[in-house]
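Here the sequence shown stands for residues -17 to 110, where the numbers follow this note's numbering. Okay, so here's the structure we're looking at.
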Amino acid sequence: MDSASGSSCNACGATGTALMKLSLGKDFFGRTYDRLSPSTDQSPKWYCEGCSMQKNLQRDFRDIRGEFDKLSAGQVSALSNQEEFQRASLRLREITAILTGTSTHSPFLTSADVTQLIGRMHTATMPA
Ligand SMILES: [Zn+2]
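Here it is as structure tokens:
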């Protein structure tokens, strides 16, 4: 595994721990995620294990929120597909559970943000 010795985690500043270069690859909906792909990433970040895990949660959260915003605006969205919508809802609950069970505060994502999105998505599935 690659490591940056003598560096610190780009998110929480942890030193003296294993750091991993995060290359995010595919987004939650299986699309190529271009912002941090190795070929286009001009400033790779290095995160400790806890932060890299939370960074992945944040990525999924952002993907889902972005698609839900499109759906709310009546645009074409991956969440128009009922199965994807269900999968995204489950993932958000999973993210909340992970955030709640983590003792360290996430520098990326708060469980309140996730809870709010779950509430919005729940409302969207209710008949008006
Ligand atoms: Zn960290």
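Built from N, CA and C at the ideal position, the CB exists for glycine as well.
Three Cβ pairs or more, each shorter than 8 angstroms: is that satisfied between the region 27 to 34 and the region 48 to 65?
no
What residues in its chain sit with their C-beta under 7 angstroms from that of T97, if we drop five residues either side in the sequence?
By one-based count along the sequence shown, residue 97 stands at place 115. Counting only Cβ-Cβ distances below 7 angstroms, and skipping sequence neighbours, we find T78.
Just list the residues that DSSP pairs K27 with in beta bridges.
The residue you call residue 27 lines up with position 45 of the sequence shown. Bridge partners of K27: none, in fact.
Same chain only: Cβ atoms within 7 angstroms of P111, ignoring 5 sequence neighbours per side:
This structure cannot settle anything about residue 111, because the visible part of the chain is limited to -17 through 110.
Sub-7 angstroms separation of D9 and D51 beta-carbons:
Taking the first residue of the sequence shown as position 1, residue 9 is located at position 27. Taking the first residue of the sequence shown as position 1, residue 51 is located at position 69. Contact flag unset, no.
Cutting at 8 angstroms between CB atoms, please list the residues of its own chain near L39, excluding the five before and the five after it.
For the purposes of this step, residue 39 is identified with residue 57 of the sequence shown, where counting begins at 1. Excluding sequence neighbours, L39 sits near I77, I80, L81, S88, F90, L91.
CA-to-CA distance, E49 to R75, given in whole angstroms:
One-based indexing of the sequence shown puts residue 75 at position 93. One-based indexing of the sequence shown puts residue 49 at position 67. Going from the Cα of R75 to the Cα of E49 covers about 17 angstroms.
If you measure from the CB of A(-4), is any heavy atom of ligand 1 nearer than 6 angstroms?
As a working mapping, residue -4 is identified with position 14 in the sequence shown. Yes - ligand 1 has a heavy atom lying nearer than 6 angstroms to the Cβ of A(-4).
A0: CB within 6 angstroms of a non-hydrogen atom of ligand 3:
Among the ligands modelled here, namely ligand 1, ligand 3 does not occur.
Return helix, strand or coil for L1, following the three-state DSSP convention.
Here residue 1 refers to the residue found at position 19 of the sequence shown. Here L1 sits in strand by DSSP.
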